[in-house]
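J.:
2 protein chains.
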Amino acid sequence: MYELHYWPTIQGRGEFVRLILEDAGADYTDVMRGPDAEGREAMLALLEQTGHFAPPLLKDGDRWVSQTPLILDYLGARHGLTPNDEDERREALRLTMLLADFLIEAHDVHHPLAKEFFYEDQRDEALRRAPSFRDTRIPKFYVYFERLLAGDGHFVGGTTCHTEFSLFQIVEGMRYAFPNTMARLEPDYPNVTALRDRIAARPGVAAYLASERRIPFNEHGIFRHYPELDA
Amino acid sequence: MYELHYWPTIQGRGEFVRLILEDAGADYTDVMRGPDAEGREAMLALLEQTGHFAPPLLKDGDRWVSQTPLILDYLGARHGLTPNDEDERREALRLTMLLADFLIEAHDVHHPLAKEFFYEDQRDEALRRAPSFRDTRIPKFYVYFERLLAGDGHFVGGTTCHTEFSLFQIVEGMRYAFPNTMARLEPDYPNVTALRDRIAARPGVAAYLASERRIPFNEHGIFRHYPELDA
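Read top to bottom, the protein sequences are chains E and A.
Residue numbering for the first sequence follows my numbering, starting at 187 and increasing by one per position.
Residue numbering for the second sequence follows my numbering, starting at 187 and increasing by one per position.
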């Protein structure tokens, strides 16, 4: 029985954790979306109490885990999605961390100046940043992952690991935020999109995607669709 | 015998690795600074050949490791700076990853739009971003680490781990880039500055800091001193 503590109205970083929990059929509570949820102040108090910096937080018994890639590594080890071999485990974590780095860029493209400013107050700067993100950064990351998948379609050890769920979520988010750009770019990355389809078809994930548990993408999350930033 | 592969003219992310190697008195070659260094094209070819995304890269025998926090975790495990206990090891890695996140913000404050643009071409945007970084983000991170150190001055297990070297380097870089701001803020964080002094006094680190092996901070690196961004 796990507890996931994350903001209740966005996919955000919590979604990377939810995908693993749902795929595994794990028994978990999405605490801030439950009937007893107490909102933002309770989250800040929880961070203070546990000594963690930011959500998502995973609670497993008496143990608290944070930093999204470390949560994925931790859960994966318990549900067959983290390699046992030390080198392979490090490789999966490395790639999941790299996707987390890309996620920061996918956020900062619409918030180049500060999280505290509204989008509308940094829209001009976002318009200047977006072309470089679309034309340079997206291809740099997608090319890299495309090549790693060129063998058997897996990143590590010939089998599915948590990195594949992270890439699935990146592909989903990028399609939402940059539909024109990704429609243009994706044909160059057939291994990446095939992986996306394979993860989406896993029974636990497919059931989750069709459920109301999955929060729709929206303009409060990390991936936001602002047409002026798309191609 | 390790090989470190990193850009030869900046401290950058490579410095976090150098500090651990120097503290441990490890036998290593800083390849791109050596007599046989081949420059940028050779680095790009190496990334292609090894399947890694970006430097720094550490070579240990036949094994290549990248993503700075994972290099530190890896080296620490071999030189007494990574806890053996699984939960403590995850905690050290979590905090080192959090400092790596802060490092991105310390870079993006002077490059809010794109790595490919010169500073001068995004100076106006940097001027808009800097106050939020100085007044909100720096205190948020420093307060957090200050509190974690409030007990015995260590992050994990009552002893020194790789996270402390990362925080040392952050303090050093922030002093260089934001001398006025940090002179104003640092008195509020005595545990952080005491840790900085303790790491600086370790024999391997002290010898390194006094040597020519340590590249001076400069305006090509991650931490840059632009007076107009300081208070």
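Even for Gly, the Cβ is constructed at its ideal location relative to N, Cα and C.
1. Should E306(A) be labelled buried (16 or more other beta-carbon atoms within 10 Å of its own) or exposed?
2. With a cut-off of 8 Å, do at least 3 Cβ pairs link the segment 365-385 of chain E to the segment 193-207 of chain A?
3. Just how far apart, CA to CA, sit I248(A) and A393(A)?
4. For the beta strand (DSSP E) containing D246(E), name the first residue and the last one.
5. Taking Y330(A) as the query, report the chain E residues whose CB atoms sit under 8 Å from its CB, ordered along the chain.
6. Select from F239(A), Y188(A), H293(A) and N270(A) the residue whose C-alpha is nearest the C-alpha of R137(E).
7. Between the Cα of P194(E) and those of G211(E), A223(E) and Y214(E), spot the shortest distance and give me the residue it belongs to.
8. In whole angstroms, give me the CA-to-CA distance for Y330(A) and T349(A).
9. Just checking: is the beta-carbon of E311(A) within a distance shorter than 8 Å of some beta-carbon in chain E?
10. Give me the subset of the segment 243-273 of chain A whose CB atoms are less than 9 Å from a CB atom of chain E, sorted by chain position.
11. By the 7 Å beta-carbon criterion, what residues does the segment 380-399 of chain E contribute toward chain A?
12. Return the chain-ordered list of same chain residues with a C-beta closer than 6 Å to the C-beta of V342(E), the five sequence neighbours on each side being excluded.
13. Taking all protein chains shown into account, decide if H296(E) is buried (16 or more other Cβ within 10 angstroms of its Cβ) or exposed.
14. Using 8 Å as the threshold, is the C-beta distance between Q197(E) and I401(E) below it?
15. Can you tell me where the beta strand (DSSP E) with V251(A) in it begins and where it stops?
16. Run through DSSP, which three-state label would T195(A) get?
17. Report all residues from its chain with a CB closer than 7 Å to the CB of A210(E); omit the five preceding and five following residues, and keep chain order.
18. Which full runs of the alpha helix (DSSP H) of 4+ residues lie inside the segment 314-374 of chain A, going along the chain?
19. Under 8 Å between C-beta atoms, does E350(A) make it to chain E?
20. Among the residues of its own chain, which have a CB less than 6 Å from the CB of M187(A), if the five just before and after it don't count?
21. Starting from the Cα of R226(A), find the closest Cα among P241(A), N377(A) and R370(A) and give me that residue.
22. Can you look up F267(A) in the DSSP assignment and give me helix, strand or coil?
23. Does the separation of the CB atoms of K245(E) and E208(E) fall below 8 Å?
24. Give the residues from the segment 274-290 of chain A that approach chain E closer than 7 Å (Cβ to any Cβ), ordered along the chain.
25. What does L190(E) touch in chain A if you count any residue whose Cβ is under 8 Å from its own?
26. Indicate whether R323(E) and E358(E) have their beta-carbon atoms separated by less than 8 Å.
27. Can you tell me the Cβ-Cβ gap for L299(A) and E311(E), rounded? I've got them flagged as a contact below 8 Å.
28. Any C-beta of chain E sitting closer than 8 Å to the C-beta of L335(A)?
29. If I'm right that F288(A) touches R320(A) with Cβ under 8 Å, what's the distance once you round it to whole angstroms?
30. Under 8 Å Cβ to Cβ from R219(A), same chain only, skipping five residues before and after it: list those, please.
31. May I ask you to list, following chain order, the residues of the segment 298-310 of chain E that have a beta carbon less than 7 Å from some beta carbon of chain A?
32. Below 8 Å CB to CB, which residues in the same chain sit around Y362(E) once its five sequence neighbours on both sides are set aside?
33. Report the rounded CA-to-CA distance for Q308(A) versus S397(A), giving the unit in angstroms.
34. List, in chain order, every chain E residue whose beta-carbon is nearer than 8 Å to that of R315(A).
35. Taking the beta strand (DSSP E) that Y412(A) belongs to, which residues open and close that run?
36. Taking 8 Å as the threshold (C-beta atoms), are A286(A) and P255(A) in contact?
T.: For this structure:
1. exposed
2. Fewer than three beta-carbon pairs drawn from the segment 365-385 of chain E and the segment 193-207 of chain A are found closer than 8 Å, and the two stretches are therefore not classed as touching.
3. Ile is not the amino acid found at residue 248(A); the sequence shown has Asp there. Spanning the two alpha carbons is a distance of roughly 30 Å.
4. L243 to D246
5. F239
6. The requested residue 137(E) does not occur in the structure, where chain E is confined to residues 187 to 417.
7. A223(E)
8. 14 Å
9. Residue contact with chain E for E311(A): present (Cβ-Cβ distance below 8 Å to some residue of chain E).
10. Those residues of the segment 243-273 of chain A placed with their C-beta closer than 9 Å to a C-beta in chain E are R249, V251, S252, Q253, P255, L256, D259, Y260 and D273, ordered along the chain.
11. If the cut-off is 7 Å between Cβ atoms, the segment 380-399 of chain E has nothing near chain A.
12. P269, E274, E277 and A278
13. buried
14. In this structure, Q197(E) lies near I401(E), with their beta-carbon atoms less than 8 Å apart.
15. Residues R249 to S252.
16. T195(A): coil per DSSP, three-state reduction.
17. H265 and G390
18. 324-334, 348-363 and 365-371
19. no
20. D213
21. P241(A)
22. Here residue 267(A) is Leu; the residue named in the question, Phe, does not match the sequence. Three-state result, L267(A): coil.
23. no
24. R276, L279, R280, M283, L284 and I290
25. None at all; the shortest Cβ gap to chain A is about 17 Å.
26. no
27. Indeed, because the Cβ distance is near 7 Å, the residues count as touching under 8 Å.
28. no
29. Contact doesn't hold; Cβ gap of about 13 Å is too wide.
30. P194
31. P298, L299, A300 and E302
32. F403, F409 and H411
33. 35 Å
34. P298, L299 and A300
35. Run containing Y412(A): none; DSSP gives neither H nor E here.
36. yes
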